[in-house]
Amino acid sequence: MVWFIEQLQKEDLRYVVRMVRTSILNISPRFYNQEQLTAWADGVNNDPHLHQRFLNAYSLIAKDGDHHIIGFASLIGAHIDFLYVAADRQREGIATQLLYFLEEQAKKDV
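Under UniProt numbering, the residues of the sequence shown are numbered 1 to 110, in order.
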């Protein structure tokens, strides 16, 4: 599968939110019940402060060959703030690559 990583742009934000929300709702029910998952996903969807936080952080997105967002990660200072991969694209190394780039950025900030 072809995919690439680039920095988050404001115009990507609604697609990131949609992907994060879908990822949350697809987490195994053995970890969280449906009520918890829905509350978590709704918080991402409806929190304008969170959206601004995505934009203010060092945020990266992974896109597939069709430019659909399939991963998102952000860094504030030297701390990973968010890391999500689309439910249907997990176990492809996307999170690993996003973390690599976040780590490289964190080293620059130290």
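Ideal Cβ positions, reconstructed from N, Cα and C, are used throughout, including at glycine.
Just so we're clear, the structure is a prediction, and the values are computed from it rather than from any experiment.
Next on the checklist: Quick check: L8 and F54, are their CB atoms within less than 8 Å of each other?
Outcome noted: A contact, by the Cβ cut-off of 8 Å.
Next on the checklist: Cutting at 6 Å between CB atoms, please list the residues of its own chain near Y58, excluding the five before and the five after it.
Outcome noted: Leaving aside the five residues that flank Y58 on each side, the residues in its chain whose CB is nearer than 6 Å to its CB run, in chain order, L75, Q105.
Item to check | Identified DSSP bridge partners for G71 | outcome: A62, V85.
Item to check | A73 beta carbon less than 8 Å from that of T22 | outcome: Pairing T22 with A73 gives a Cβ-Cβ distance that is not under 8 Å.
Item to check | Under 8 Å between C-beta atoms of V16 and I61 | outcome: Yes.
Checklist entry - Is it buried or exposed for D12, if we count other Cβ within 10 angstroms and need 16 for buried? => result It counts as buried.
Item to check | Beta-carbon contacts of R89 that lie in its chain and below 6 Å, excluding the five residues immediately before and after | outcome: Its chain contains I70 as the residues whose beta carbon lies nearer than 6 Å to that of R89, once the 5 sequence neighbours on both sides are disregarded; these appear in chain order.
Item to check | Three-state secondary structure (DSSP) of Q105 | outcome: Three-state result, Q105: helix.
Item to check | Proximity to M1 [Cα-Cα], best of K108, E92, F101, L98 | outcome: In this structure, E92 is the residue among K108, E92, F101, L98 with its C-alpha nearest to the C-alpha of M1.
Next on the checklist: For W3 and I94, which I take to be in contact (beta-carbon distance under 8 Å), what is that distance rounded to the nearest angstrom?
Outcome noted: Taking a contact as a CB-CB distance under 8 Å, the pair W3 and I94 counts as one, their CB atoms being some 6 Å apart.
Checklist entry - Since I80 sits in a beta bridge, which residues does DSSP pair it with? => result Paired residues: L75.
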